Amino acid sequence: MTEKVLMKGNEAIAEAAIRAGCRHYFGYPITPQTEIAAYMAKRMPKIGGTFLQAESEIAAINMVYGVSAAGKRVMTSSSSPGISLKGEGLSYLAGADLPAVIVNAQRGGPGLGGIQPSQSDYFQATRGGGHGDYHMIVLAPASVQEMAELTIRGFELADEYRMTAMILADGTTGQMMEPVSFDFEVKEPPAKPWATTGTKMARPHNIVNSLYLVPEELEQGNLDRYARYELIKEKEAKAEMYLTDDAEIVIAAFGIAARVSRNAVDEARANGIKAGLIRPITVWPFPDKAFKSVLPHTKAVLSVELSMGQMIEDVLLAVNGQAPVTLVNRVGGMIPSPEQVYQAIVEAAKKGGN
Amino acid sequence: MNFKRITLLAGHYGSGKTNIAVNLALELRKQEKNTAVADLDIVNPYFRTLDSRRAFEEAGIRLIVSQYANTNLDAPALPQEMYAVVDDKTLHSVIDVGGDDRGALALGRISPAIREENDFDMFLVVNFYRPLTRDIPSILEVKREIETACGLPFTGIINNSNLGAETDADVVLASVPFIRELTEASGLPLLFTSVEARLVPELTGKIDKLFPMTLQKRPV
Numbered sequence: 010m011t012e013k014v015l016m017k018g019n020e021a022i023a024e025a026a027i028r029a030g031c032r033h034y035f036g037y038p039i040t041p042q043t044e045i046a047a048y049m050a051k052r053m054p055k056i057g058g059t060f061l062q063a064e065s066e067i068a069a070i071n072m073v074y075g076v077s078a079a080g081k082r083v084m085t086s087s088s089s090p091g092i093s094l095k096g097e098g099l100s101y102l103a104g105a106d107l108p109a110v111i112v113n114a115q116r117g118g119p120g121l122g123g124i125q126p127s128q129s130d131y132f133q134a135t136r137g138g139g140h141g142d143y144h145m146i147v148l149a150p151a152s153v154q155e156m157a158e159l160t161i162r163g164f165e166l167a168d169e170y171r172m173t174a175m176i177l178a179d180g181t182t183g184q185m186m187e188p189v190s191f192d193f194e195v196k197e198p199p200a201k202p203w204a205t206t207g208t209k210m211a212r213p214h215n216i217v218n219s220l221y222l223v224p225e226e227l228e229q230g231n232l233d234r235y236a237r238y239e240l241i242k243e244k245e246a247k248a249e250m251y252l253t254d255d256a257e258i259v260i261a262a263f264g265i266a267a268r269v270s271r272n273a274v275d276e277a278r279a280n281g282i283k284a285g286l287i288r289p290i291t292v293w294p295f296p297d298k299a300f301k302s303v304l305p306h307t308k309a310v311l312s313v314e315l316s317m318g319q320m321i322e323d324v325l326l327a328v329n330g331q332a333p334v335t336l337v338n339r340v341g342g343m344i345p346s347p348e349q350v351y352q353a354i355v356e357a358a359k360k361g362g363n
Numbered sequence: 015m016n017f018k019r020i021t022l023l024a025g026h027y028g029s030g031k032t033n034i035a036v037n038l039a040l041e042l043r044k045q046e047k048n049t050a051v052a053d054l055d056i057v058n059p060y061f062r063t064l065d066s067r068r069a070f071e072e073a074g075i076r077l078i079v080s081q082y083a084n085t086n087l088d089a090p091a092l093p094q095e096m097y098a099v100v101d102d103k104t105l106h107s108v109i110d111v112g113g114d115d116r117g118a119l120a121l122g123r124i125s126p127a128i129r130e131e132n133d134f135d136m137f138l139v140v141n142f143y144r145p146l147t148r149d150i151p152s153i154l155e156v157k158r159e160i161e162t163a164c165g166l167p168f169t170g171i172i173n174n175s176n177l178g179a180e181t182d183a184d185v186v187l188a189s190v191p192f193i194r195e196l197t198e199a200s201g202l203p204l205l206f207t208s209v210e211a212r213l214v215p216e217l218t219g220k221i222d223k224l225f226p227m228t229l230q231k232r233p234v
């Protein structure tokens with residue numbers, strides 16, 4: 010029988026984490042990501058791993074901190090309100106330079122909101138989510154296959170740069186079922202000489218901590234971290250370019266919004282409009298260069314989002330006044346239709362970018 | 015196809031119960047039966063029989079579903095009308111039981127009446143391409159857990175092995191030896207292999223007991 014399996018996006022994340030060598034998962038149930046916890050609860054005991062339903066999101070993220078400090082691959086997942094609860098822990102992980110993978114299957118907000126998909130945690134994800142100066146690497150999958158691949162990539166990036174990687178999914182990409190192949194190589198995790206694994210009286214103590222008693226040292230920690238961020242911006246920004254080579258109307262969209270937009274681009278092309286799509290795969294670092302590369306022939310940019318306009322701020326910075334940027338959106342758990350996006354393309358084409 | 019008064023569909027989470035329930039109900043209606051679909055899923059708030067509300071209305075099928083399905087209230091609610099399934103003996107019902115044993119637990123409320131009347135079939139819906147039901151022991155474990163949770167025995171198997179939009183004839187045919195092994199290991203007969211209608215011409219003659227299905231509308 011073929012090696013492909015039919016999976017929900019959430020299940021693909023869980024299976025990919027296991028294949029990446031993650032043997033510790035801590036979470037607290039919340040729709041629409043509960044399948045991740047359910048999958049881990051079934052699988053972890055069978056492979057010698059730990060699944061633990063913590064008493065709260067805050068407890069779970071601090072368990073993540075502990076396992077990561079001990080040098081092991083670890084993951085937690087939640088959905089929007091639960092990620093807010095994890096905010097403090099995310100900041101502590103950043104302050105201690107600890108790698109971990111965090112999944113956010115976004116749902117409509119603010120507040121308890123609803124259980125339908127949303128992208129309105131973009132600011133929270135790309136600006137860090139908690140207090141203090143820091144970033145997370147934020148990966149935005151648009152298919153179930155990519156949920157698997159980016160989860161594995163998330164573990165690799167987290168270890169390489171000693172920081173948290175977030176999988177920024179949503180209520181639809183987590184729930185939809187698509188065939189997935191796990192036929193790809195998983196690299197061994199790097200050595201972690203900083204981990205608190207016991208000195209065996211053979212080396213000095215390792216200390217994992219985010220409290221600095223001397224301000225100069227805290228300042229230096231921040232500067233070092235931001236030097237690393239510059240390197241990540243240079244090396245790790247990624248986007249998929251779809252029909253952008255000659256595009257005059259360029260759509261910016263990630264995740265579920267990109268799937269809708271792709272249909273709209275096809276429709277526009279079929280009607281003689283030169284439309285294209287830039288799909289950020291990393292939303293932090295944001296793929297600025299992808300946008301700069303299309304500017305010579307771009308007359309207008311549309312930012313298609315399931316939010317009141319969050320990614321559009323990064324698009325505006327990347328485009329830097331060289332083309333008008335317009336928001337096309339639905340919120341509150343609603344998804345823009347391909348027809349809505351197509352109409353926006355037609356409008357933009359009519360205006361010719363003016 | 016001969017139907018008992020109550021047809022129950024249970025199985026692993028995501029095995030395709032809801033799509034089969036919709037298509038079986040339409041089949042029952044073709045036979046001019048007084049038909050109802052009862053959605054007793056207390057696990058999954060998405061992709062419910064409610065997505066086919068219009069098709070049911072047009073076909074004259076009664077839909078028994080929690081008023082909270084497909085809303086933002088993610089509560090394990092059951093429809094109060096569910097008792098009609100056992101009380102109204104003129105009704106032919108297809109019951110969409112929720113995923114796994116947790117979903118089947120809800121059935122326990124009406125299963126004594128179903129058992130007493132003894133005019134039912136309960137089918138184990140199987141998709142070999144789902145990650146946690148890839149082998150016979152895993153499927154038998156799911157079967158046992160569901161039977162224990164709801165207090166009813168399975169009477170047959172529905173093979174719904176598919177890879178979503180990538181399903182072709184070979185994908186379906188590759189499931190045949192597994193289903194044969196499963197029917198032998200469980201002692202349960204195969205009711206049919208359900209496939210999207212588009213695959214029927216290619217599979218006719220290559221596989222017995224095909225059941226063509228129209229899938230519920232999918233999101234993007």
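Listed in order, the protein sequences are those of chains A and B. Heads up, the first sequence is in this note's numbering, so the first residue is 10 and it goes up one at a time. Heads up, the second sequence is in this note's numbering, so the first residue is 15 and it goes up one at a time. Virtual Cβ for every residue (Gly too), placed ideally from N, Cα, C. Quantities reported herein were computed from a predicted structural model and do not represent experimental measurements.
Proximity winner among the options, relative to residue i (alpha-carbon distances)
i, options, result
"Val337/A", "Pro347/A, Thr40/A and Pro108/A", "Pro347/A"
"Asp101/B", "Asp135/B, Ile20/B and Arg68/B", "Ile20/B"
"Arg339/A", "Glu314/A, Val355/A and Lys360/A", "Glu314/A"
"Val355/A", "Gln229/A, His214/A, Glu276/A and His33/A", "Glu276/A"
"Pro59/B", "Leu92/B, Leu38/B and Glu41/B", "Leu92/B"
"Gly36/A", "Ala21/A, Arg288/A and Ala47/A", "Ala47/A"
"Gly28/B", "Val108/B, Arg76/B, Gln45/B and Arg62/B", "Arg62/B"
"Asn280/A", "Gly342/A, Ile290/A and Gln352/A", "Gln352/A"
"Leu325/A", "Pro305/A, Lys301/A and Pro345/A", "Lys301/A"
"Leu121/B", "Leu166/B, Lys44/B and Val186/B", "Leu166/B"
"Asp318/B", "Gly122/A, Val217/A and Ala105/A", "Nothing about residue 318/B can be reported from this structure: the residues present for chain B run from 15 to 234 only."
"Leu304/A", "Glu257/A, Val274/A, Lys209/A and Ala262/A", "Glu257/A"
"Ala151/A", "Asp168/A, Gly138/A, Arg162/A and Leu177/A", "Leu177/A"
"Leu166/A", "Ile241/A, Leu222/A, Lys283/A and Ala284/A", "Ile241/A"
"His106/B", "Leu177/B, Ala24/B, Gly74/B and Ala179/B", "Gly74/B"
Where residue i meets chain A, residues with beta-carbon distance less than 9 Å
i, result
"Gly28/B", "Leu15, Met16, Lys17, Glu20, Glu44 and Met186"
"Pro59/B", "Thr40, Pro41 and Ile124"
"Asn141/B", "Leu15"
Under 8 Å by beta carbon: chain A residues contacting residue i
i, result
"Gly178/B", "Leu15, Met186, Glu187 and Pro188"
"Asp149/B", "Residues of chain A passing the Cβ test: none, with the nearest at roughly 10 Å."
Partner residues on chain A for residue i, Cβ-Cβ distance less than 7 Å
i, result
"Leu146/B", "Lys51"
"Asp88/B", "Thr40 and Ile124"
Proximal chain B residues relative to residue i, where beta-carbon distance stays under 8 Å
i, result
"Glu155/A", "Within 8 Å Cβ-Cβ: nothing; Glu155/A doesn't reach chain B, min ~15 Å."
"Glu24/A", "Pro145"
Bridge-paired residues (DSSP) for residue i
i, result
"Glu187/A", "Met16/A"
"Met227/B", "Glu210/B"
"Ile20/B", "Ser107/B and Phe134/B"
"Thr253/A", "None; Thr253/A has no bridge partner."
"Gly330/A", "Gly330/A is not bridged to any residue."
"Val110/A", "Met84/A and Ala174/A"
"Pro305/A", "Bridge partners of Pro305/A: none, in fact."
"Phe263/A", "Phe263/A pairs with nothing; no bridge assigned."
"Ala52/B", "Ile78/B and Ile109/B"
"Val313/A", "Val337/A"
"Glu178/B", "In the sequence on display, residue 178/B carries Gly and not Glu. For Gly178/B, which the question treats as bridged, DSSP gives no partner whatsoever."
"Arg116/A", "Pro126/A"
Per-residue burial, residue i [other beta carbons within 10 Å of its own, 16 or more giving buried]
i, result
"Met53/A", "buried"
"Ala236/A", "exposed"
"Thr147/B", "buried"
"Met210/A", "exposed"
"His214/A", "exposed"
"Gln94/B", "exposed"
Span of the beta strand (DSSP E), counted from its first residue to its last, around residue i
i, result
"Gln45/B", "Where Gln45/B is concerned, there is no enclosing beta strand (DSSP E), given that its DSSP letter is neither H nor E."
"Leu286/A", "Ala284 to Pro289"
"Tyr34/A", "His33 to Gly36"
"Ala50/A", "Here Ala50/A belongs to no beta strand (DSSP E); instead the alpha helix (DSSP H) covers Thr43 to Arg52."
"Gly170/B", "Gly170 to Asn173"
"Ile146/A", "Ile146 to Leu148"
"Phe60/A", "Thr59 to Gln62"
Any chain E beta carbon closer than 9 Å to residue i
i, result
"Tyr48/A", "Of the chains in the structure shown, none is chain E; the protein chains are A and B."
Residue i: first and last residue of the uninterrupted alpha helix (DSSP H) it sits in
i, result
"Thr135/A", "Tyr131 to Thr135"
"Arg76/B", "Note, Arg76/B: premise wrong, no alpha helix (DSSP H); beta strand (DSSP E) at Arg76 to Val79."
"Thr190/B", "The identity of residue 190/B in the sequence shown is Val, whereas the question assumes Thr. Val190 to Ser200 is the span of the alpha helix (DSSP H), which, as asked, contains Val190/B."
"Thr162/B", "Ile150 to Cys164"
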